[in-house]
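Asks:
Numbering (the numbering used here), first residue to last: 59 to 397.
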(Lines of atoms letter the chains of each structure in order from A; the text may use other names.)
(Lines give C-alpha, C1' and ligand atoms only; values in the text may rest on other atoms or scores of the structure.)
Protein backbone atom coordinates (compact mmCIF):
# COMPACT_ATOMS: atom_id res chain seq x y z
CA UNK A 59 0.00 0.00 0.00
CA UNK A 60 1.05 3.59 -0.49
CA UNK A 61 2.15 5.94 2.25
CA UNK A 62 -1.37 7.35 2.48
CA UNK A 63 -2.86 4.01 3.61
CA UNK A 64 -1.76 2.24 6.77
CA UNK A 65 -2.90 -1.29 7.52
CA UNK A 66 -2.36 -3.51 10.52
CA UNK A 67 -3.76 -6.89 11.56
CA UNK A 68 -4.42 -8.20 15.06
CA UNK A 69 -5.65 -11.82 15.39
CA UNK A 70 -7.20 -11.69 11.90
CA UNK A 71 -8.84 -8.35 12.73
CA UNK A 72 -7.78 -5.78 10.11
CA UNK A 73 -7.46 -2.06 10.89
CA UNK A 74 -6.92 0.36 7.99
CA UNK A 75 -6.29 4.12 7.95
CA UNK A 76 -6.67 6.07 4.70
CA UNK A 77 -4.94 9.32 5.55
CA UNK A 78 -5.82 11.05 2.28
CA UNK A 79 -9.55 10.45 2.77
CA UNK A 80 -9.53 10.64 6.55
CA UNK A 81 -11.24 7.25 6.81
CA UNK A 82 -10.63 4.51 9.36
CA UNK A 83 -11.83 0.98 8.57
CA UNK A 84 -12.37 -1.95 10.90
CA UNK A 85 -12.49 -5.32 9.13
CA UNK A 86 -13.36 -3.54 5.89
CA UNK A 87 -16.18 -1.45 7.37
CA UNK A 88 -15.80 2.30 7.86
CA UNK A 89 -15.56 3.06 11.58
CA UNK A 90 -15.01 5.87 14.05
CA UNK A 91 -12.73 5.92 17.08
CA UNK A 92 -13.87 7.62 20.28
CA UNK A 93 -12.25 8.16 23.64
CA UNK A 94 -14.04 6.70 26.67
CA UNK A 95 -14.56 10.25 27.88
CA UNK A 96 -16.44 11.14 24.68
CA UNK A 97 -18.75 8.13 25.02
CA UNK A 98 -19.19 9.03 28.70
CA UNK A 99 -20.30 12.53 27.71
CA UNK A 100 -22.72 11.07 25.15
CA UNK A 101 -24.32 8.64 27.65
CA UNK A 102 -24.43 11.16 30.50
CA UNK A 103 -26.22 13.63 28.19
CA UNK A 104 -28.84 11.01 27.28
CA UNK A 105 -29.40 10.25 30.99
CA UNK A 106 -29.55 13.94 31.88
CA UNK A 107 -32.06 14.77 29.16
CA UNK A 108 -34.31 11.71 29.37
CA UNK A 109 -33.87 10.30 32.90
CA UNK A 110 -32.81 6.82 34.00
CA UNK A 111 -35.87 4.82 32.85
CA UNK A 112 -36.00 6.33 29.39
CA UNK A 113 -32.21 6.29 28.91
CA UNK A 114 -32.01 2.58 29.81
CA UNK A 115 -34.70 1.77 27.26
CA UNK A 116 -32.93 3.88 24.63
CA UNK A 117 -29.56 2.22 25.31
CA UNK A 118 -31.10 -1.26 25.27
CA UNK A 119 -32.85 -0.62 21.95
CA UNK A 120 -29.64 0.87 20.50
CA UNK A 121 -27.48 -2.04 21.69
CA UNK A 122 -29.95 -4.64 20.40
CA UNK A 123 -30.22 -3.09 16.95
CA UNK A 124 -26.43 -2.69 16.76
CA UNK A 125 -26.11 -6.42 17.52
CA UNK A 126 -28.55 -7.33 14.75
CA UNK A 127 -26.61 -5.09 12.35
CA UNK A 128 -23.25 -6.66 13.22
CA UNK A 129 -24.63 -10.18 12.77
CA UNK A 130 -25.93 -9.30 9.30
CA UNK A 131 -22.28 -9.47 8.12
CA UNK A 132 -22.23 -13.14 9.14
CA UNK A 133 -25.75 -14.19 8.17
CA UNK A 134 -24.44 -16.80 5.71
CA UNK A 135 -22.10 -18.45 8.24
CA UNK A 136 -23.32 -21.81 9.51
CA UNK A 137 -21.14 -22.36 12.59
CA UNK A 138 -22.72 -20.02 15.16
CA UNK A 139 -20.18 -20.91 17.85
CA UNK A 140 -17.36 -20.01 15.50
CA UNK A 141 -18.96 -16.66 14.75
CA UNK A 142 -19.27 -15.92 18.48
CA UNK A 143 -15.59 -16.83 19.00
CA UNK A 144 -14.64 -14.38 16.26
CA UNK A 145 -16.79 -11.71 17.86
CA UNK A 146 -14.92 -12.20 21.14
CA UNK A 147 -11.61 -11.50 19.42
CA UNK A 148 -12.98 -8.58 17.41
CA UNK A 149 -14.53 -6.86 20.43
CA UNK A 150 -11.44 -7.41 22.55
CA UNK A 151 -9.21 -5.95 19.85
CA UNK A 152 -11.56 -2.98 19.48
CA UNK A 153 -11.29 -2.16 23.19
CA UNK A 154 -14.72 -3.41 24.22
CA UNK A 155 -13.25 -5.50 27.05
CA UNK A 156 -12.65 -9.21 27.49
CA UNK A 157 -15.44 -11.65 26.72
CA UNK A 158 -15.63 -15.37 27.56
CA UNK A 159 -18.32 -17.88 26.64
CA UNK A 160 -18.97 -20.16 29.62
CA UNK A 161 -22.06 -21.87 28.25
CA UNK A 162 -23.25 -22.50 24.71
CA UNK A 163 -26.19 -24.75 23.83
CA UNK A 164 -27.46 -24.67 20.27
CA UNK A 165 -30.47 -26.87 21.07
CA UNK A 166 -31.60 -24.62 23.95
CA UNK A 167 -30.39 -21.56 22.09
CA UNK A 168 -28.89 -20.32 25.33
CA UNK A 169 -25.54 -18.62 25.77
CA UNK A 170 -23.85 -17.38 28.95
CA UNK A 171 -21.13 -14.73 28.57
CA UNK A 172 -18.69 -13.18 30.99
CA UNK A 173 -17.87 -9.53 30.31
CA UNK A 174 -14.84 -8.11 32.10
CA UNK A 175 -13.51 -4.55 31.88
CA UNK A 176 -16.17 -3.61 29.31
CA UNK A 177 -16.19 -0.02 28.09
CA UNK A 178 -19.73 0.45 29.41
CA UNK A 179 -18.70 -0.59 32.93
CA UNK A 180 -15.58 1.59 32.71
CA UNK A 181 -17.69 4.60 31.75
CA UNK A 182 -20.21 4.10 34.57
CA UNK A 183 -17.31 3.81 37.00
CA UNK A 184 -15.85 7.06 35.66
CA UNK A 185 -19.28 8.70 36.04
CA UNK A 186 -19.40 7.36 39.62
CA UNK A 187 -22.87 6.10 38.74
CA UNK A 188 -24.43 3.03 40.36
CA UNK A 189 -25.64 1.70 37.03
CA UNK A 190 -25.59 -1.88 35.73
CA UNK A 191 -24.63 -2.36 32.10
CA UNK A 192 -27.56 -2.46 29.67
CA UNK A 193 -26.21 -1.61 26.21
CA UNK A 194 -23.71 -4.46 25.90
CA UNK A 195 -26.01 -7.19 27.25
CA UNK A 196 -28.79 -6.07 24.88
CA UNK A 197 -26.18 -5.86 22.11
CA UNK A 198 -25.37 -9.54 22.57
CA UNK A 199 -29.08 -10.31 22.62
CA UNK A 200 -29.31 -8.62 19.23
CA UNK A 201 -26.28 -10.53 17.91
CA UNK A 202 -27.75 -13.88 18.91
CA UNK A 203 -31.24 -12.93 17.70
CA UNK A 204 -29.80 -12.58 14.21
CA UNK A 205 -27.63 -15.70 14.47
CA UNK A 206 -30.30 -17.98 15.94
CA UNK A 207 -33.07 -16.40 13.84
CA UNK A 208 -35.21 -16.21 16.96
CA UNK A 209 -35.89 -13.33 19.31
CA UNK A 210 -33.47 -13.38 22.23
CA UNK A 211 -33.19 -11.29 25.37
CA UNK A 212 -30.89 -11.16 28.39
CA UNK A 213 -30.69 -11.25 32.13
CA UNK A 214 -27.75 -10.30 34.34
CA UNK A 215 -26.76 -13.17 36.64
CA UNK A 216 -23.70 -11.43 38.10
CA UNK A 217 -22.65 -7.81 38.04
CA UNK A 218 -19.43 -5.94 38.73
CA UNK A 219 -21.71 -3.32 40.26
CA UNK A 220 -22.38 -5.81 43.08
CA UNK A 221 -18.68 -6.58 43.57
CA UNK A 222 -18.48 -9.56 41.22
CA UNK A 223 -15.31 -10.03 39.18
CA UNK A 224 -17.23 -9.82 35.91
CA UNK A 225 -20.69 -9.27 34.45
CA UNK A 226 -22.35 -12.60 33.68
CA UNK A 227 -24.97 -12.25 30.98
CA UNK A 228 -27.40 -15.02 30.08
CA UNK A 229 -28.95 -14.80 26.61
CA UNK A 230 -32.07 -16.87 26.02
CA UNK A 231 -35.19 -17.07 23.78
CA UNK A 232 -37.78 -14.54 24.93
CA UNK A 233 -40.88 -12.70 23.79
CA UNK A 234 -39.39 -9.45 25.14
CA UNK A 235 -38.22 -7.04 22.46
CA UNK A 236 -36.80 -3.49 22.59
CA UNK A 237 -39.83 -2.30 20.59
CA UNK A 238 -42.14 -3.74 23.26
CA UNK A 239 -40.11 -1.96 25.94
CA UNK A 240 -40.32 1.32 24.04
CA UNK A 241 -44.09 1.00 23.61
CA UNK A 242 -44.54 0.00 27.24
CA UNK A 243 -42.46 2.97 28.36
CA UNK A 244 -44.51 5.27 26.12
CA UNK A 245 -47.72 3.89 27.63
CA UNK A 246 -46.35 4.36 31.14
CA UNK A 247 -45.37 7.95 30.39
CA UNK A 248 -48.76 8.58 28.78
CA UNK A 249 -50.60 7.05 31.75
CA UNK A 250 -48.47 9.03 34.21
CA UNK A 251 -49.30 12.22 32.29
CA UNK A 252 -53.00 11.32 32.27
CA UNK A 253 -52.89 10.59 36.02
CA UNK A 254 -51.19 13.93 36.59
CA UNK A 255 -53.86 15.75 34.57
CA UNK A 256 -56.64 13.87 36.36
CA UNK A 257 -55.16 14.84 39.72
CA UNK A 258 -54.96 18.48 38.64
CA UNK A 259 -58.58 18.35 37.47
CA UNK A 260 -59.63 16.73 40.74
CA UNK A 261 -57.75 19.31 42.81
CA UNK A 262 -59.16 22.17 40.74
CA UNK A 263 -62.67 20.74 40.94
CA UNK A 264 -62.34 20.52 44.72
CA UNK A 265 -61.19 24.14 44.87
CA UNK A 266 -64.07 25.27 42.68
CA UNK A 267 -66.56 23.21 44.69
CA UNK A 268 -65.39 24.89 47.88
CA UNK A 269 -65.63 28.27 46.18
CA UNK A 270 -69.15 27.51 44.93
CA UNK A 271 -70.18 26.43 48.42
CA UNK A 272 -68.85 29.66 49.84
CA UNK A 273 -70.36 31.94 47.20
CA UNK A 274 -73.68 30.20 46.57
CA UNK A 275 -74.99 30.36 50.15
CA UNK A 276 -74.18 33.88 51.37
CA UNK A 277 -75.60 34.63 54.81
CA UNK A 278 -76.40 38.32 55.09
CA UNK A 279 -77.15 40.08 58.41
CA UNK A 280 -79.96 42.52 57.60
CA UNK A 281 -80.22 44.09 61.04
CA UNK A 282 -80.25 42.90 64.61
CA UNK A 283 -82.39 39.77 64.81
CA UNK A 284 -82.76 39.28 61.03
CA UNK A 285 -80.61 37.16 58.68
CA UNK A 286 -81.12 36.52 54.97
CA UNK A 287 -79.86 33.53 52.94
CA UNK A 288 -79.93 33.39 49.12
CA UNK A 289 -80.56 29.98 47.59
CA UNK A 290 -78.76 29.75 44.25
CA UNK A 291 -78.70 26.92 41.68
CA UNK A 292 -79.44 23.26 42.24
CA UNK A 293 -78.91 21.43 45.51
CA UNK A 294 -77.87 17.90 46.37
CA UNK A 295 -77.53 16.27 49.79
CA UNK A 296 -73.96 17.44 50.34
CA UNK A 297 -74.63 21.03 49.33
CA UNK A 298 -77.87 21.35 51.29
CA UNK A 299 -76.23 19.81 54.37
CA UNK A 300 -73.50 22.46 54.12
CA UNK A 301 -76.16 25.16 53.80
CA UNK A 302 -78.02 23.81 56.83
CA UNK A 303 -74.97 23.69 59.07
CA UNK A 304 -73.67 27.08 57.97
CA UNK A 305 -77.07 28.76 58.34
CA UNK A 306 -77.90 27.29 61.75
CA UNK A 307 -74.45 28.19 63.07
CA UNK A 308 -74.80 31.82 61.91
CA UNK A 309 -78.43 32.00 63.16
CA UNK A 310 -77.41 30.81 66.61
CA UNK A 311 -74.29 32.95 66.78
CA UNK A 312 -76.17 36.11 65.75
CA UNK A 313 -79.01 35.27 68.14
CA UNK A 314 -81.39 36.03 65.30
CA UNK A 315 -85.16 35.70 65.39
CA UNK A 316 -86.05 35.70 61.69
CA UNK A 317 -84.38 33.92 58.77
CA UNK A 318 -85.34 35.10 55.30
CA UNK A 319 -84.87 32.40 52.64
CA UNK A 320 -84.47 34.19 49.31
CA UNK A 321 -85.58 31.90 46.48
CA UNK A 322 -85.17 34.41 43.66
CA UNK A 323 -82.49 32.25 41.97
CA UNK A 324 -84.42 28.97 42.36
CA UNK A 325 -86.04 28.06 39.03
CA UNK A 326 -87.36 24.58 39.83
CA UNK A 327 -89.27 23.89 43.03
CA UNK A 328 -89.06 20.08 43.17
CA UNK A 329 -89.89 17.64 45.94
CA UNK A 330 -86.26 17.54 47.05
CA UNK A 331 -86.17 21.31 47.71
CA UNK A 332 -89.52 21.09 49.52
CA UNK A 333 -88.34 18.29 51.77
CA UNK A 334 -85.05 19.94 52.69
CA UNK A 335 -86.63 23.39 53.22
CA UNK A 336 -89.14 21.88 55.62
CA UNK A 337 -86.20 20.42 57.55
CA UNK A 338 -84.49 23.81 57.68
CA UNK A 339 -87.68 25.53 58.84
CA UNK A 340 -88.11 23.00 61.67
CA UNK A 341 -84.45 23.34 62.70
CA UNK A 342 -84.76 27.15 62.90
CA UNK A 343 -87.96 26.74 64.93
CA UNK A 344 -86.09 24.55 67.42
CA UNK A 345 -83.68 27.47 67.91
CA UNK A 346 -86.63 29.74 68.68
CA UNK A 347 -86.68 31.41 65.29
CA UNK A 348 -88.98 31.71 62.31
CA UNK A 349 -88.37 31.36 58.57
CA UNK A 350 -89.80 33.67 55.92
CA UNK A 351 -89.84 32.71 52.22
CA UNK A 352 -89.13 35.58 49.82
CA UNK A 353 -88.48 35.89 46.09
CA UNK A 354 -91.42 33.74 45.07
CA UNK A 355 -92.06 34.41 41.38
CA UNK A 356 -95.46 33.79 39.77
CA UNK A 357 -94.09 30.71 37.96
CA UNK A 358 -92.57 29.38 41.17
CA UNK A 359 -95.82 30.09 43.00
CA UNK A 360 -97.70 27.94 40.45
CA UNK A 361 -95.19 25.11 40.95
CA UNK A 362 -95.64 25.29 44.72
CA UNK A 363 -99.45 25.17 44.40
CA UNK A 364 -99.31 22.26 41.94
CA UNK A 365 -96.95 20.35 44.24
CA UNK A 366 -99.70 20.18 46.84
CA UNK A 367 -97.33 21.36 49.61
CA UNK A 368 -98.98 23.43 52.30
CA UNK A 369 -96.78 26.45 53.04
CA UNK A 370 -99.53 28.46 54.76
CA UNK A 371 -97.68 28.20 58.08
CA UNK A 372 -94.63 29.92 56.55
CA UNK A 373 -94.86 33.66 55.74
CA UNK A 374 -94.27 34.07 52.00
CA UNK A 375 -93.50 37.22 49.99
CA UNK A 376 -92.68 37.99 46.40
CA UNK A 377 -89.72 40.27 47.21
CA UNK A 378 -86.93 40.40 49.75
CA UNK A 379 -87.95 43.96 50.64
CA UNK A 380 -91.45 42.82 51.67
CA UNK A 381 -90.00 40.03 53.78
CA UNK A 382 -87.64 42.39 55.58
CA UNK A 383 -90.50 44.82 56.29
CA UNK A 384 -92.55 41.94 57.73
CA UNK A 385 -89.70 40.82 59.98
CA UNK A 386 -89.05 44.39 61.17
CA UNK A 387 -92.71 44.84 62.00
CA UNK A 388 -92.76 41.53 63.91
CA UNK A 389 -89.77 42.66 65.95
CA UNK A 390 -91.65 45.83 66.91
CA UNK A 391 -89.53 48.20 64.91
CA UNK A 392 -90.74 50.93 62.60
CA UNK A 393 -88.96 52.48 59.64
CA UNK A 394 -89.41 56.25 59.68
CA UNK A 395 -88.22 58.58 56.94
CA UNK A 396 -86.18 61.50 58.15
CA UNK A 397 -87.86 64.85 57.72
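A virtual CB, placed ideally from N, CA and C, is assigned to each residue, including glycine. On a predicted model such as this, the values are computed, not experimentally measured, just so you know.
Over the uninterrupted alpha helix (DSSP H) stretch that includes residue 387, give me the two end residues.
Replies: 378 to 388
Asks: Within 10 angstroms of its Cβ, does residue 59 collect 16 or more other Cβ (buried), or is it exposed?
Replies: With a pLDDT of only 49 at residue 59, under the threshold of 50, the placement of this residue in the model should not be trusted, and no figure is reported.
Asks: Would you check if the segment 367 to 382 and the segment 255 to 267 touch, i.e. whether three or more CB-CB distances between them fall below 8 Å?
Replies: no
Asks: Rounded to a whole number of angstroms, what is the C-alpha to C-alpha distance between residue 154 and residue 242?
Replies: 30 Å
Asks: Applying the criterion that 16 or more other CB atoms from any shown protein chain within 10 Å of the CB defines a buried residue, is residue 94 buried or exposed?
Replies: exposed
Asks: Is residue 332 closer than 8 Å to residue 324 when the C-beta atoms are compared?
Replies: No. Outside cutoff.
Asks: State the beta-bridge partners of residue 172 as determined by DSSP.
Replies: Looking at the DSSP output, residue 172 shares a beta bridge with 158 and 226.
Asks: Among residues of its own chain, excluding the 5 on either side of residue 320, which ones have a beta-carbon nearer than 7 Å to its beta-carbon?
Replies: 286, 287, 288, 289, 352, 353 and 378
Asks: Whose C-beta lies closer than 8 Å to the C-beta of residue 277 among residues of the same chain, with five residues either side of it excluded?
Replies: 285, 286, 287, 304, 305 and 308
Asks: Is DSSP giving residue 149 helix, strand or coil here?
Replies: helix
Asks: Leaving aside the five residues before and after residue 175 along the sequence, list all residues of the same chain whose C-beta is less than 8 Å from its C-beta, in chain order.
Replies: 155 and 156
Asks: Between 111, 317, 234 and 376, which lies nearest to residue 357 when the distance is taken from Cα to Cα?
Replies: 376
Asks: Starting from residue 124, follow the alpha helix (DSSP H) in both directions and report where the run begins and ends.
Replies: 94 to 129
Asks: Reducing DSSP to helix, strand and coil, say where residue 356 ends up.
Replies: helix
Asks: Beta-carbon within less than 7 Å of residue 199's beta-carbon, same chain only, minus the 5 sequence neighbours each way: which residues are those?
Replies: 122, 125, 210, 211, 212 and 229
Asks: What ranges does the alpha helix (DSSP H) occupy inside the segment 273 to 325, keeping only unbroken runs of at least 4 residues that lie completely in it?
Replies: 295 to 311
Asks: Please report how far the alpha carbon of residue 313 lies from the alpha carbon of residue 394, in whole angstroms.
Replies: 25 Å
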